[in-house]
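Read the structure below first, then the notes.
What follows is the structure, encoded as structure tokens:
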């Protein structure tokens, strides 16, 4: 797992589904011009390699948004992250056929 704080120059954020249906259609917003951020995420593997899933809040002036960071997000100045390793956990990520989401499976 990881927790982080810092600033992002630009990026995409999924702020929930457009409608609460399965499979979900992501409601994506784009932010630019430097926003403060804090968040947390997980890193698990599958056959394709490490799978990173990050949820964050970003804010600038009086506007704030929270969601799942997607695509190419760029750091502005610095992001400090603390990575915590969970020992003895057997888990992997795989695509769920019903939702189309890359979900965590603990076994």
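In my numbering, the protein residues as written are 71 to 177.
For each residue, glycine too, the CB sits at the ideal point set by N, CA and C.
Inspect the beta-carbon positions of residue 172 and residue 160 and report whether they are closer than 8 Å. no
If you draw a straight line from the C-alpha of residue 157 to the C-alpha of residue 122, how long is it? 18 Å
Rounded C-beta distance between residue 151 and residue 107? I'm assuming under 8 Å. Not quite, the Cβ-Cβ distance comes to about 11 Å (not below 8 Å), so this is no contact.
Residue 124 and residue 138 closer than 8 Å at C-beta: yes
Give the DSSP-derived three-state secondary structure of residue 144 in the structure shown. strand
Within a Cβ cutoff of 7 Å, which residues of the same chain sit near residue 100, ignoring the five residues on either side of it in sequence? 82
I'd like the list of long-range same chain contacts for residue 166, defined as Cβ closer than 7 Å, with 5 residues on each side in sequence excluded. 173
Under DSSP, the beta strand (DSSP E) around residue 126 begins and ends at which residues? 119-130
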